[in-house]
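Taking it in order: structure first as structure tokens, then the write-up.
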Amino acid sequence: MSDLLNRITIDPAQCVGRPCIRGMRIRVIDVLDLLAGGLSREEVLDELPDLEPEDVSAALRYASRSIDHPILPRDHLDRRTTLACTCTPD
């Protein structure tokens with residue numbers, strides 16, 4: 014698994030320090046946006062031909078690790094936390 018994350022590079026001199034794939038100017042967010050837009054892994058690879066299948070997996074793993082947080086059942090959250098998370102008052 015750490016081999017996948019080694020594919021993600023962060024260089025302040027490249028793409029304003031945003032996470033990129035293997036030192037290329039293909040940002041992790043570019044891959045994620047294509048996937049979120051409905052493209053399949055194969056279509057992402059067609060769209061960005063310098064990518065390898067493992068790069069797509071690495072982008073997803075990086076995103077997953079970046080937003081890692083414990084999942085709590087909603088009934089265990091107090092009202093203050095729920096409001097802070099949803100930003101909408103009852």
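Each residue of the sequence shown is one higher than the one before, counting from 14 in the numbering used here. Beta carbons are placed, not taken as given, at the ideal position from N, Cα and C, and that holds for glycine. Fair warning: this is a prediction, and the values are worked out from it, not measured in the lab.
Residue i, DSSP secondary structure in three states
i	result
ILE23	coil
ILE42	helix
Environment of residue i [buried if 16+ CB atoms lie within 10 Å]
i	result
ILE80	exposed
ALA71	buried
VAL29	exposed
ASP43	buried
ASP63	exposed
ASP46	exposed
Span of the alpha helix (DSSP H) around residue i
i	result
ARG78	66-79
LEU58	54-60
Say whether the segment 18-27 touches the segment 50-64, bearing in mind that this needs 3 or more beta-carbon pairs closer than 8 Å, one atom from each stretch. no
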